[in-house]
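Trainee:
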Amino acid sequence: MSSEELNIYDAGLLLVKKAVQNGADEAEAYLVKSRNYIIRANNNRIVGTMYTEEYGIGLRVSIGNKIGYASTNRFAIKSINELVENALSIARAGKDDPYWHGLPLPSEYKVPQGIYSIDLARIDEETLSEHTRVFLDTLLEDERIVLVYGDIGVSINSTAVINSNGVAGIEHSTIAFADVGVVASSGSDVTPLVYDVVASRIQMPNMEFFARQLRDTAIAQLKPIKIEPGKLPVILHPLAIEELFTYTLVDAIKGDSVVRGRSFLAGKEGEKVFSEKLSIIDDGLLKQGWYTGIFDDEGVPMQKTIIINRGVVKNYLFDHYWGSRYGLDSTGNASRISYRTTPVITPTNLVIKPGDIANHEILEETKKGLYVMGLQGAHSSNPETGEYSVVVTPAWYVENGELKPIRGVMISGNIYSELARLEYVGKEVIQKGHIIAPYIRLEDIRVVSK
Amino acid sequence: MEDLLYKAISYGRELGLEFIDIRIDDYTINSITIRDSAVTSSSINVKGASIRVLSEGVIGFAATGIVNKDSLKRAIDSAYRQVKAFKGLTEKMGVYTVSSRHDVVKEKPIVDPRDVGFDVKISDLSELRDLISKLDSRIKATTINYADIAGRKYYISSEDRYIEQDMYYTWLYIWVSAREADILASARLETGTRQGYALFKKYGIEDIAKKIVGRVEKQFRAKTPRGGSFPVILAPEVVGVFTHEAFGHLAEADLTLSGSILRDKVGKKVASKLVTIVDDPLIPDAFGTFKYDDEGIEAYPVTIVEKGILKQLMTDRIYASITNSKPTGNARAQDYNVPPLIRMRTTYIKPGDMSIEELFEGIDFGYYVVSFRGGQANLDGTFQVGIQEAYEIVNGEIGDPVRNMSISGNTIETLHNVTGVAKDFEIGYGRCGKGQTVYVSDGGPHIRVEKLMVGGRA
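Residue numbers (our numbering), protein chains in the order written: chain E, 180 to 629; chain Y, 5 to 462.
#1: Could you give the C-beta distance for V569 of chain E and I585 of chain E, rounded to a whole number, given that I count them as a contact under 8 Å?
#2: Here's the rule: buried if 16 or more other CB atoms are within 10 angstroms of the residue's CB, otherwise exposed. What is T441 of chain Y?
#3: Hey, quick one: how far does the beta strand (DSSP E) through T195 of chain Y stretch, first residue to last?
#4: Output, in sequence order along the chain, the residues in the region 364–383 of chain E whose CB is closer than 9 Å to any CB in chain Y.
#5: Thinking C-beta only, is I294 of chain E closer than 8 Å to G472 of chain E?
#6: Is the distance from the Cβ of L266 of chain Y to the Cβ of L314 of chain Y below 8 Å?
#7: Note down, in chain order, each residue of its chain lying with its Cβ closer than 8 Å to the Cβ of E362 of chain Y, except the 5 sequence neighbours on either side.
#8: Are any of the Cβ atoms in chain E nearer than 8 Å to that of E95 of chain Y?
#9: Counting only C-beta atoms, is A462 of chain Y closer than 8 Å to chain E at any point?
#10: Taking a contact to mean a Cβ-Cβ separation below 8 Å, would you say T319 of chain Y touches T280 of chain Y in this structure?
#11: Name the one or two DSSP bridge partners that T146 of chain Y has.
#12: Alpha carbon to alpha carbon, what distance is there between T228 of chain E and S359 of chain Y?
#13: Could you pull out every unbroken beta strand (DSSP E) segment of at least 3 residues lying fully inside the region 40–102 of chain Y, listed in chain order?
#14: Would you mind sorting A53 of chain Y into buried or exposed? The rule is 16 or more other CB atoms within 10 Å of its CB.
#15: Just reading off the beta strand (DSSP E) that K4 of chain Y is part of, what are its end residues?
#16: For S182 of chain E, which three-state DSSP category applies?
#17: H280 of chain E by DSSP, collapsed to three states: which one?
#18: For R349 of chain Y, which residues from the same chain have a beta carbon less than 6 Å from its beta carbon, with the 5 sequence-adjacent residues on both sides left out?
#19: Are the CB atoms of T415 of chain Y and A239 of chain Y within a distance shorter than 8 Å?
#20: Shortest alpha-carbon distance to L372 of chain E belongs to which of E:A399, E:S286, E:K532, E:Q467?
#21: Which of the residues in the region 221–247 of chain Y, read from start to end, lie with their CB under 8 Å from any CB of chain E?
#22: Tell me, which residues are paired with R17 of chain Y by DSSP?
#23: Per DSSP, what kind of secondary structure is Q223 of chain Y in: helix, strand or coil?
#24: With 8 Å as the threshold, decide whether the Cβ of G200 of chain Y is near any Cβ in chain E.
#25: Below 7 Å between beta carbons is the criterion; list the residues of the region 246–262 of chain E that meet it against any residue of chain Y, in chain order.
#26: Checking the sheet assignment: what are the DSSP bridge partners for E168 of chain Y?
#27: For the candidate residues Y:N72, Y:E430, Y:I36, Y:N49, whose alpha-carbon lies nearest to that of I244 of chain Y?
#28: Alpha carbon to alpha carbon, how far is D289 of chain Y from D116 of chain Y? Give it in angstroms, no decimals.
#29: Can you name, in chain order, every residue of its own chain whose Cβ lies under 6 Å from the Cβ of A355 of chain E, other than the five neighbours on each side?
#30: Can you give the beta carbon distance from Y100 of chain Y to P449 of chain Y, rounded, assuming they're within the 8 Å contact cut?
#31: At what residues does the alpha helix (DSSP H) containing I522 of chain Y begin and finish?
#32: Taking a contact to mean a Cβ-Cβ separation below 8 Å, would you say Y166 of chain Y touches E6 of chain Y in this structure?
#33: Could you give the residue range of the beta strand (DSSP E) that holds E597 of chain E?
#34: For M457 of chain Y, would you say it is in contact with chain E, using Cβ-to-Cβ distances shorter than 8 Å as the test?
#35: Name the chain Y residues that come within less than 9 Å of N227 of chain E, Cβ to Cβ?
#36: Is the shortest distance between the beta-carbon of G440 of chain E and the beta-carbons of chain Y less than 8 Å?
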């Protein structure tokens, strides 16, 4: 720890000072150091193991209302001088942005629990090898399973955000994850890809449990039945919710979509838009959440924001820029894909508040319907209107609570109006990506099949 | 650079490694995002090294953002530690090796994007944005993403291969949203060039604006489609995404071997005899064009399907070794931080000999799909392509526009149902994500599919 990791903080202070000395009205440095281990498997074998170290600085400056951004992965003095000059010359070449409200001001940080583990930070190749062995042994015990692809890995990150208004934060974090796709085959019957992801901020996820779950899901896709087209209730697993929401509702609750009139939720604060069964909270301080942190990628404290309360629109997600344009404070939702990119609004841990029926009870109460663990083509949905038309895979036909695998079935509809009619929200939540959700059941969905 | 890299290779040899290769990235990405009136510009210097080693049947990889003697040595040591920790865990891996070669590949773009200031680029893109909003007052939001990449890649291996290659990519992506009363509509457009700062010379700012606004306008007067199976005519843009997403990925050897529907089908009929599918690294000005891939292998065209028969898969050095074949030059990496994977280049269906008009003949009712929103496929051959511009076909004529439509089916069944291939040809520009993002092209002629599942709004 210590000396090496203090570097990015000190480098940030220097960089901001230098940018201001050279003519910036404001300056913000975002610095990362990360170490990543990844074990990659394909076709039942480990095709490669990887270790990468990434260092990077992104510098944002303003001159009046003009903004410039530049980044580098070199920390040498010469590169840092170049970086300052680059950012300033881009700002000078830019256009006035009348909405520019400056960079965030400092505020006090709360430190959330469970974002760093010394064991993960010190993990070595041998330990990873052992976890990988357990995973492969469990998964491939059943000879019908093929591991199509899989990444098992650990990331150890330090992030600093320093700006000329006095924002100065440094954070150390860890996350371990596995991201795997498998198929099962029996004779000429090959299932579609069954995908799942698991992660933990504080330890290696239980690889045996994860492997067994994947294996069972894939086997349960064998021997599909045919179904008739029609209108049916559709139960979505959190994996499918994550895919559908990412390309629809998540876009609609982002402050930039609201300000720009791209969101159907614009101007609907305080209005009841969805079923009262639906409450959604963005919680950047959630204990051990995958996206929990002390501050966001502009140095604004992470917070808990109520987005939808019993169907009523309460707040949107904002970074500093779009919050200012809307006349509100940032909600701590600025995020960067890497140091190379400028911040964009992104949910942290978006929690769908659990209902009072157990997930399995929703299945049991469904006389005829679909149970869907994944979607194909969710990214072609229309975020403005909520319209989607996707293939459900893996998916099962539910008949009096019993599951029978189906293939190549499409569903289509409008997720926004379906959420207005939402009746069933499960009790047990699971995190998949930015979404933490239970099972939900959508009613009267158009099902197309061959 | 050359000397530094040779020394690193020697160090790897001293460790007794069976194979070692090093890639260096050294380039600049200049990007501009315009969201309505807000302009964000960014300049990124990318420099780094990746090392790959093979020893004791394990392939280890390490990447570093620092390119000097010590950091390369540390990366080799790290890869070597991985080899030791993971040996014997699964079946042994190998790397297909080739003979020695030295080459420097220089490119001459029309205008080097590094010689054009941000002020000029911002002013061109602002003009584009202004034109778009002037063309239709219902347009509420316009997002323009622009990026140019210029620089050089280096490759060296223990086979005494040393390759330097210039690279230039210019990319433009536009998303437009419009609203009329309560109806929202949106459209996307993606394009590019390899000729440096030459996009607007190639297409014209006004043409680009008209094209995307046209796509939005039609949605306001569009119907929702009937669900079910219909004859469908696919225009080149949709043929491209279908060929890439629904078929191409299944013919990437890593995915084929993982149980894609094409597994064990080489030499067998997988499409109508009218269908020939090629993945080509030689098309001028396409995103998938290069002389050497990211494993230093000469890239050559792969005829995946010839007259309906599956002929060849796309491979890299690793899968060439597994399948006892030659690498095809399809190994591509997003950047130095990640190892190369089997990726497509420019993938297309070869033109046939029919006219576009002939394709429409005899269709009482069907759909003409022109432009897509996104596409995705599964290993079992089910695909879905979301469509943003489509029309009904009524009595052989193009009819009313249709909105929120998608096409879906089984890839092989769909290819067997191709009953017409026109003689026109067009390629498009896009990005492909397979954990890593690379720039690709795809396309083809107009084709007719006798039966395709159409999904629409409830």
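Yeah, the Cβ is synthetic: ideal placement off N, Cα and C, and Gly gets one too.
Mentor: Judging by the given coordinates:
#1: About 14 Å separates the two Cβ atoms, so there is no contact after all.
#2: By the neighbour-count rule (16 or more Cβ atoms within 10 Å), T441 of chain Y is not buried but exposed.
#3: Run containing T195 of chain Y: 187–197, per the beta strand (DSSP E) assignment.
#4: Correct list: S364, V369, T370, P371, L372.
#5: Taking 8 Å as the cut-off, the Cβ atoms of G472 of chain E and I294 of chain E count as close.
#6: When the beta-carbon positions are compared, L266 of chain Y and L314 of chain Y come within less than 8 Å of each other.
#7: Hits under 8 Å: G424, A426.
#8: The beta-carbon of E95 of chain Y is placed less than 8 Å from the nearest beta-carbon of chain E.
#9: The predicted model places A462 of chain Y with a pLDDT of 38, which falls under 50 and marks its position as unreliable; any figure quoted below should be read in that light. Interface residue (Cβ-Cβ distance to chain E less than 8 Å): A462 of chain Y is classified as such.
#10: Taking 8 Å as the Cβ cut-off, T319 of chain Y and T280 of chain Y do not qualify as a contacting pair.
#11: Paired residues: Y:V180.
#12: Distance from the CA of S359 of chain Y to the CA of T228 of chain E, rounded to the nearest whole angstrom, comes to 51 Å.
#13: Within the region 40–102 of chain Y, the complete beta strand (DSSP E) runs of at least 3 residues are 42–59, 62–68.
#14: Residue environment: A53 of chain Y is assigned as buried (16 or more neighbouring CB atoms within 10 Å of its CB, all protein chains considered).
#15: An answer regarding residue 4 of chain Y cannot be provided, because it is not within the stretch 5 to 462 covered by chain Y.
#16: Legend: pLDDT at S182 of chain E = 40, less than 50; position of this residue unreliable, no value from coordinates given.
#17: Looking at H280 of chain E - three-state DSSP - the assignment turns out to be coil, as it is neither helix nor strand.
#18: D283, P285, G292.
#19: Cβ atoms of A239 of chain Y and T415 of chain Y: not closer than 8 Å.
#20: That would be E:A399, whose Cα lies nearest to the Cα of L372 of chain E.
#21: Those would be G231, G232, S233, in chain order.
#22: Residue pairing of R17 of chain Y in beta bridges, as defined by DSSP: absent, with no partner found.
#23: Reduced to three states, the DSSP call for Q223 of chain Y is helix.
#24: By this cut-off, G200 of chain Y is not an interface position.
#25: Cβ contacts with chain Y come from I246, G247, Y248, A249, S250, T251, N252, R253.
#26: Checking the DSSP bridge columns, you'll see E168 of chain Y partnered with Y:V108, Y:Y158.
#27: Looking at the sequence shown, residue 244 of chain Y is not Ile but Gly. Among Y:N72, Y:E430, Y:I36, Y:N49, the Cα nearest to that of G244 of chain Y belongs to Y:E430.
#28: Their backbone Cα atoms lie some 15 Å apart in a straight line.
#29: Excluding positions up to five away in sequence, the list reads L299, V333, S379, M383.
#30: That belief does not hold up - the Cβ atoms of Y100 of chain Y and P449 of chain Y are roughly 34 Å apart, past 8 Å.
#31: The question about residue 522 of chain Y has no answer, for chain Y in this structure spans 5 to 462.
#32: Yes; because the gap between Cβ atoms is below 8 Å, this pair is in contact.
#33: Bounds of any beta strand (DSSP E) do not take in E597 of chain E; it lies within the alpha helix (DSSP H) bounded by 594–599.
#34: By this cut-off, M457 of chain Y is an interface position.
#35: The sequence as given places Gly at residue 227 of chain E; Asn does not occur at that position. By Cβ distance, chain Y contributes R56, V62, I63, G64, F65, Q86, M97, I322, P343.
#36: It does; some Cβ of chain Y falls within 8 Å.
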